[in-house]
Each structure stands twice: as C-alpha cells, then as structure tokens.
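Presented below is the structure to which this report refers.
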Amino acid sequence: MRIFWLTAVAAFLVDQISKFRVFALFDALGRDWVEIAAPYLVFRRGMNTGVNFGLFADVSNGQRWMLVGLSLLLCAALFQWARRSFERPVQFLAGGLVIGGALGNVADRLIFPGVRDFLNMSCCGIVNPYVFNIADVFIFAGAIGLVLFGPDGKRRKKPS
Numbered sequence: 042m043r044i045f046w047l048t049a050v051a052a053f054l055v056d057q058i059s060k061f062r063v064f065a066l067f068d069a070l071g072r073d074w075v076e077i078a079a080p081y082l083v084f085r086r087g088m089n090t091g092v093n094f095g096l097f098a099d100v101s102n103g104q105r106w107m108l109v110g111l112s113l114l115l116c117a118a119l120f121q122w123a124r125r126s127f128e129r130p131v132q133f134l135a136g137g138l139v140i141g142g143a144l145g146n147v148a149d150r151l152i153f154p155g156v157r158d159f160l161n162m163s164c165c166g167i168v169n170p171y172v173f174n175i176a177d178v179f180i181f182a183g184a185i186g187l188v189l190f191g192p193d194g195k196r197r198k199k200p201s
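Under the numbering used here, the first residue of the sequence shown is numbered 42, with each subsequent residue one higher.
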C-alpha cells in the first residue's frame, strides 16, 4: 500500500501545484491563454463546473456537492478494492494515480466553483475546444493501468 499512497500524494501535489502555477501565469500576463507549442499545446483557462468535457455544467450548485460526494465514495471504493485485491506494484501505482487525480479535482470543487482546467491540445487540423488538467491525465492513465494490469477479481490471499 506504500506505493499506492506515495503515488496518490505525488499525483495530488503535482496537480495542485501545476494549477496554481499556470493560473498565476494567466493572472500575471493578464490573459486566459498561453501558447506553449501551438497548436499542439496551449494553456487555456477553464473552470469546469460539470463532469468530463463540461457535461452537465449548467445544473445547480447542488451538483457540485453531489460530485464531491460521488468522487469521495469512488475513492473509498477504490481504496477497499486495492486493499483487498491488489498484489503487484503496477496495480498500486495505477490506483494511486486515480485517487490522487480524483482528490485533486475534489480539492478544486471544495475551493472554487468547479475544477480548474488549463490543458488544450489540438493536432493535424483538428481543433479541440476542450480543456483538461493534470488530474484528468492521472485519472485516465490510472484507469487504463487498472484495465490492463488490474487484479483478476479474486481476493488477495492472506499470509499464513
């Protein structure tokens, strides 16, 4: 479980520090975008009050608290799954990425009206209108890791 918690804490801190630094940059420059490697990577200010890609963003403030509760419930369920079933380091790493990313977005929802997003990537003539953040990357990477390397559904054997 050590890998799980170290990964979760590291993911949470990287997410929160990246948001703080990029949003401070927006404020210092007095604009809501910074071209890093346009059009492939642009930092663009976003505040997502909905779920992924801004879905359900125009619902009441009660949804914010529902999303916080749901995220915490899913984190607790993932923790229990890890405690009971994970055996390999890659499983703990993937689970830690999901938890750290989810808690990073929960922290935003507790402090701000929504989740701070800033990454915008486009390629090959396709303009992507959506923004996301490092926490989303961690959640996605961790979920892929759990799909590819997750436990087989059996409980971990107790040491004798």
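Glycine is no exception: its CB is placed at the ideal position from the N, C-alpha and C atoms. Everything numeric in this text was worked out from a predicted model, so none of it was measured.
- Our two residues, PHE120 and ILE167, have alpha carbons roughly 38 Å apart in a direct line.
- The beta carbon of ASP73 sits closer than 8 Å to the beta carbons of PHE67, ARG85, ARG86 from its chain, once the five residues preceding and following it are set aside; these are given in chain order.
- Taken in chain order, the complete beta strand (DSSP E) segments of 3 or more residues contained in the segment 61-137 are 74-78, 82-89.
- Bridge pairing for PHE173: LEU160 [DSSP].
- Closest by C-alpha distance to PHE61, out of ASN146, GLY183, PHE181, is ASN146.
- VAL188 counts as exposed, since fewer than 16 other beta carbons sit within 10 angstroms of its beta carbon.
- Put simply, of ASP56, PHE159, ASN102 the residue whose alpha carbon is nearest the alpha carbon of VAL172 is PHE159.
- GLN132 sits away from GLY91, with the two beta carbons spaced by 9 Å or more.
- In this structure, the CA atom of TRP106 is about 34 Å from the CA atom of GLU128.
- In the DSSP assignment, ILE167 forms a beta bridge with CYS164.
- Proximity to LEU151 across GLY103, ASP177, PHE64, ILE175 peaks at GLY103, based on C-alpha coordinates.
- With contacts defined by Cβ atoms closer than 9 Å, ASP56 and GLY142 form a contacting pair.
- Counting C-beta atoms within 10 angstroms of its own C-beta, ILE175 has 16 or more neighbours from the protein chains shown and is therefore classed as buried.
- Each of PRO170, PHE153, PRO154, ILE140 was checked against the Cα of GLY183, and the nearest Cα belongs to ILE140.
- The alpha-carbon of ALA51 is positioned some 19 Å away from that of VAL156.
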